[in-house]
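J.:
Protein chains: 4
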Amino acid sequence: MAHNIVDRLTETFRRFPGIGPRQARRFVYHLLREGQNQIDRLTAELHELGKAVAQCQQCFRFYSAPVRPESGGPAKTCDLCQDLERDNSLLMVVEKDADLEAVRQSDTYNGHFFVLGGLIPILEKEPQLKVRLRELTAAVTKRMADNSPRKIKEMIIALAVNPEGDHTIEFLKQTLKQFTDEGLHLTVLGRGLSTGTELEYSDTDTLKNALANRS
Amino acid sequence: MAHNIVDRLTETFRRFPGIGPRQARRFVYHLLREGQNQIDRLTAELHELGKAVAQCQQCFRFYSAPVRPESGGPAKTCDLCQDLERDNSLLMVVEKDADLEAVRQSDTYNGHFFVLGGLIPILEKEPQLKVRLRELTAAVTKRMADNSPRKIKEMIIALAVNPEGDHTIEFLKQTLKQFTDEGLHLTVLGRGLSTGTELEYSDTDTLKNALANRS
Amino acid sequence: MAHNIVDRLTETFRRFPGIGPRQARRFVYHLLREGQNQIDRLTAELHELGKAVAQCQQCFRFYSAPVRPESGGPAKTCDLCQDLERDNSLLMVVEKDADLEAVRQSDTYNGHFFVLGGLIPILEKEPQLKVRLRELTAAVTKRMADNSPRKIKEMIIALAVNPEGDHTIEFLKQTLKQFTDEGLHLTVLGRGLSTGTELEYSDTDTLKNALANRS
Amino acid sequence: MAHNIVDRLTETFRRFPGIGPRQARRFVYHLLREGQNQIDRLTAELHELGKAVAQCQQCFRFYSAPVRPESGGPAKTCDLCQDLERDNSLLMVVEKDADLEAVRQSDTYNGHFFVLGGLIPILEKEPQLKVRLRELTAAVTKRMADNSPRKIKEMIIALAVNPEGDHTIEFLKQTLKQFTDEGLHLTVLGRGLSTGTELEYSDTDTLKNALANRS
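Residue numbers (this note's numbering), protein chains in the order written: chain A, 6 to 220; chain B, 6 to 220; chain C, 6 to 220; chain D, 6 to 220.
What follows is the structure, given as structure tokens:
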């Protein structure tokens, strides 16, 4: 093998989000300084992550799935999807797990989620390869059924405010048109001034939305 | 005199917003390098600023006021306040000139303005010393009169989204209560996701507002 | 167990140098998105790191130590310490592995190293608990012996230029006084302008050193 | 005139070092808020700067030159050049006034200065148009004369450590070769670790210089 293990592990850490070559190497030295016990602990946690975290077959978020001996494997749907206290009539579409966690920790929403898995680039020719369009359509179809116990009334598209996010919103509105015709309420998050905004430094779109949504 | 002119001018530039001692001194050296012509030009522009810019007696913004020989001085109200095309029924209260300029350049608002002159610190005991409360009350009183040609229907409070801004909004709502009782519509700019917002990094307040204002 | 595996792994990543809670959590999601293969690969690399990297018993750096079946374990000293081409008369004392790597990659030094393991805080009462003083004294004692094949002539103290670094230099000079009395040449890295330095922004110490070391 | 005074003054401030369009405009509003007295004060200071600051005909720094009515104008040489306590045998060549001030305030040098007025770009064909080469040669010629009361022994080239600075050093060494042949000692500032340097983040040149200049 060309490289030694310090170099190879440095390269692995370089693929972590936001990590450059120097910091990646410092991670390796950090582990070496912390010693074998810490390396063993991290290894064990990674092993557990691989085994105990599953991707929910309903909302597609990753979740801790305690292995159930009797069933021979983890549950297929996550704790949020199984939570009877959450409002079945609401479905929020988010880009990624971290967005879902942010909304969840804000304690401002009590409905269900769907992780789209990305945003659709503006000139993308095969959007279904970038995001879970088929899965979303299937999920909505199932939950729009008259006798569904989880009948959905409103879908909230909750994406980042940037050109890709806006393009994805437009694409979803077209793709899901059949459902809105059948009565599904399709909404997007409200826009305006966010915490910390100063008017002096705001762009035209934000000022326009803030003015349109004044109350 | 204790200090020489380079030191004194450095001190003057230090009071400019966002300028530290080193950059202030570099400004002086910059002027010296540019030479006497540039110094003369800046001096002339400052002289013109002092003469040609006046503070509007109606909205309190600074504006270019061409001196009119026949009237013996600049006009008392600014071009925006005199603009007959602007909607008299709307008055937007902003903190400072730069905010007003941002809204104006966004071309999203066609009403009138009022520059408050600051925000009210949370424990401030004499708010009227910090912002133009008396002037605002007087302006609204005058424009709420039944026969006012500029009768105001809605006042939009357009302040930065931070604790001082929120405190100022509450204070204005109380101070202007008599007018809302008389029918004045008092609104604040809408809140939610602003341009560039990513859900992952949003605070609870912003997510809550974005959800509440979804549409 | 109180926390689930995502939370626990997030906490482990938080201890990585320069990593806050949000980025730590993104690391976990990154691994989940990359999938089981990548998690397995990282686990394998960590396992290899623990087995294949040893701490050199001579210079205390971490190094890749290929396991030698015949000897029942990795070598006790590193490749640098065993390198016969390196100059035995020079020993450079550095704070940590990353410093050693920087010097090594600069290709400007061909002597040996000693990793001190830290700097001595200014009011520290038990410096020997913070850095490898005993180990350094022992190493120098051994290599000052008349018949040592690796007889040392000069020790270069190569530490960061800050108060703790300067304090550590003074402390080492006192601690090693017996050796300098016996003829050991104790030096510190030269000081002056470093790459990118502009005079305008230099502090007094740097200018003083640059002037004193002009040539 | 196309622009109003606020726009024109904003453009003037934009030419100040490190100032973008927004901050330039904030400067104008700052002056307007501070009021006529402050504008008058700045105008007066600028006027005084133009009149009271002269460029020294010997070292080419800008200095406060009190107008002497009897002589009909400011002195031709600055207070530093006239200071009999400074060491006549030393001449330090710096790029610009701010560098000279930094050295002067560090209180580490008691010789004389010469402000070169810039650095020589690497592919520059007419260096004498960029920096004061003729003036420097003339000054050294005069002060190398046997009977000069200010006879110079050493010239210290004190420039920023970057490619242009290094190129300028080489250029000066060639240009001044006749003087070094006649006994002038030509030195450059010492290089090595500067305050705050950490080995881990140091480049090869800095490490090489630090090692070469160890002591």
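Glycine is no exception: its CB is placed at the ideal position from the N, C-alpha and C atoms.
#1: Going by C-alpha to C-alpha distance, which of Ile125/C, Phe118/C, Thr113/C sits closest to Gln87/C?
#2: What does Ser111/B reach in chain A if we use C-beta pairs closer than 7 Å?
#3: Taking the Cβ atom as the reference point for each residue, do Gly122/B and Phe184/B lie within a distance shorter than 9 Å?
#4: How far does the alpha helix (DSSP H) with Gln87/A in it reach, from first residue to last?
#5: Can a CB atom of chain B be found closer than 9 Å to the CB of Lys135/D?
#6: Can you say whether Met6/C is buried or exposed, counting buried as having 16 or more other CB atoms within 10 angstroms of its CB?
#7: Cβ closer than 7 Å: which chain D residues qualify as neighbours of Leu85/B?
#8: Are the C-beta of Asp104/A and some C-beta of chain B separated by less than 9 Å?
#9: Could you tell me which of Ala215/D, Val108/D, Glu187/D sits nearest to Tyr206/C, measuring between CA atoms?
#10: Taking 7 Å as the limit between beta carbons, can you name the residues of its chain near Ser220/B, skipping five residues before and five after?
#11: For a cutoff of 9 Å on Cβ pairs, would you count Leu221/D as touching chain B?
#12: May I ask which residues mark the beginning and end of the beta strand (DSSP E) holding Gln60/A?
#13: Who does Arg196/A pair with in a DSSP beta bridge?
#14: Per DSSP, His190/A forms a beta bridge with which residues?
#15: I'd like to confirm the pairing. Which residues does DSSP put opposite Tyr68/D in its beta bridges?
#16: What separation, rounded to the nearest whole angstrom, lies between the Cα atoms of Leu141/C and Lys81/C?
#17: Checking contacts by CB at 9 Å: is Tyr114/B closer than that to chain D?
#18: Once DSSP output is grouped into helix, strand and coil, what is the label at Gly123/C?
#19: Please work out which residues of its chain come closer than 8 Å, Cβ to Cβ, to Ile24/C, disregarding the five sequence neighbours upstream and downstream, and give them in chain order.
#20: Quick one: which chain B residues come within Cβ less than 7 Å of Ala5/A?
#21: Is Thr192/A closer than 9 Å to Glu159/A when the C-beta atoms are compared?
#22: Any C-beta of chain A sitting closer than 9 Å to the C-beta of Val11/B?
#23: Tell me whether Ser153/D is buried or exposed, calling it buried when 16 or more other Cβ atoms sit within 10 Å of its Cβ.
#24: Could you have a look at Gly170/A and say whether DSSP puts it in helix, strand or coil?
#25: In or out: Gly197/C buried (at least 16 other Cβ within 10 Å) or exposed?
#26: Which residues bound the alpha helix (DSSP H) around Leu128/C?
#27: Go to Asn93/B, then tell me how far its beta strand (DSSP E) extends in each direction, as first and last residue.
#28: Residues in its own chain within less than 7 Å of Arg155/A by CB, not counting five upstream and five downstream?
#29: Compare the C-alpha of Ala57/B against each of Val11/D, Gly188/D, Gln63/D, Asn167/D and name the closest.
#30: Is any beta-carbon of chain A found at less than 9 Å from that of Glu140/C?
#31: Under 9 Å between C-beta atoms, does His190/D make it to chain B?
#32: Considering only DSSP beta bridges, list what His117/B is partnered with.
#33: Can we say the stretch 174-190 of chain B touches the stretch 172-187 of chain A, given the rule of at least three CB pairs closer than 8 Å?
#34: Quick check: what's the CA-CA separation for Gln63/A versus Leu54/C?
#35: Let's test the definition: count the other Cβ atoms within 10 Å of the Cβ of Leu216/B and tell me whether it reaches 16, buried, or not, exposed.
#36: Which residues in chain B sit within 8 Å of Ala29/D, going by Cβ to Cβ distance?
T.: The structure says:
#1: Of all alpha-carbon atoms in Ile125/C, Phe118/C, Thr113/C, the one lying nearest the alpha-carbon of Gln87/C is that of Phe118/C.
#2: Per Cβ cutoff of 7 Å: Thr209, Leu212, Lys213.
#3: No, they are not a contact pair.
#4: Going by DSSP, Gln87/A is part of the alpha helix (DSSP H) stretching over 84-87.
#5: At a cut-off of 9 Å, the C-beta of Lys135/D has no neighbouring C-beta in chain B.
#6: Note that Met6/C scores a pLDDT of 41, beneath 50, so its modelled location is shaky and nothing firm can be said.
#7: Ordered by position in chain D, no residue passes the 7 Å Cβ test against Leu85/B, which lies about 13 Å from the chain.
#8: True, the Cβ-Cβ gap to chain B drops below 9 Å.
#9: Taking only the C-alpha atoms, the option nearest Tyr206/C is Val108/D.
#10: Answer for Ser220/B: no residue qualifies.
#11: Since the displayed chain D opens at 6 and closes at 220, residue 221/D lies outside it and no answer follows.
#12: 58-60 is the span of the beta strand (DSSP E), which, as asked, contains Gln60/A.
#13: Here Arg196/A is bridged, per DSSP, to Leu198/B.
#14: Looking at the DSSP assignment, His190/A forms a beta bridge with Glu159/A.
#15: Partner(s): Ala59/D.
#16: Using only the alpha carbons, I get a separation of about 17 Å.
#17: Cβ-Cβ to chain D under 9 Å: no for Tyr114/B.
#18: For Gly123/C, the secondary structure class from DSSP, reduced to helix, strand or coil, is coil.
#19: Here Ile24/C has Phe18, Phe32 as same chain residues with Cβ atoms under 8 Å from its own Cβ, once five neighbours each way along the sequence are excluded.
#20: No answer is possible for residue 5/A: it lies beyond the span of chain A, which begins at 6 and ends at 220.
#21: It is a contact, given that the beta carbons lie within the stated cut-off.
#22: No, Val11/B lies away from the interface with chain A (no Cβ there is under 9 Å from its Cβ).
#23: Classification for Ser153/D: exposed.
#24: Helix, per DSSP.
#25: Taking all protein chains in view, the Cβ of Gly197/C is crowded by 16 or more other Cβ atoms within 10 Å, so the residue is classified as buried.
#26: Neither: Leu128/C is in no alpha helix (DSSP H) and is coded neither H nor E.
#27: From DSSP, the beta strand (DSSP E) with Asn93/B extends over 92-99.
#28: If we look at Arg155/A and ignore the five residues flanking it on each side, its Cβ neighbours are Asn93, Arg148.
#29: When the alpha-carbon of Ala57/B is set against those of Val11/D, Gly188/D, Gln63/D, Asn167/D, the nearest one is in Val11/D.
#30: Using a Cβ-Cβ cut-off of 9 Å, Glu140/C does not count as an interface residue toward chain A, since no Cβ of chain A sits closer than that to its own.
#31: Residue-level contact check: His190/D does not touch chain B, since none of the beta carbons of chain B fall below 9 Å from its beta carbon.
#32: Answer by DSSP bridge pairing, in chain order: Leu96/B.
#33: Not touching, per the Cβ criterion.
#34: Separation of Gln63/A and Leu54/C (C-alpha to C-alpha, rounded to the nearest whole angstrom) is 38 Å.
#35: Residue environment for Leu216/B: buried (at least 16 other C-beta atoms within 10 angstroms of its C-beta).
#36: In chain order: nothing, as chain B lies at least about 10 Å away.
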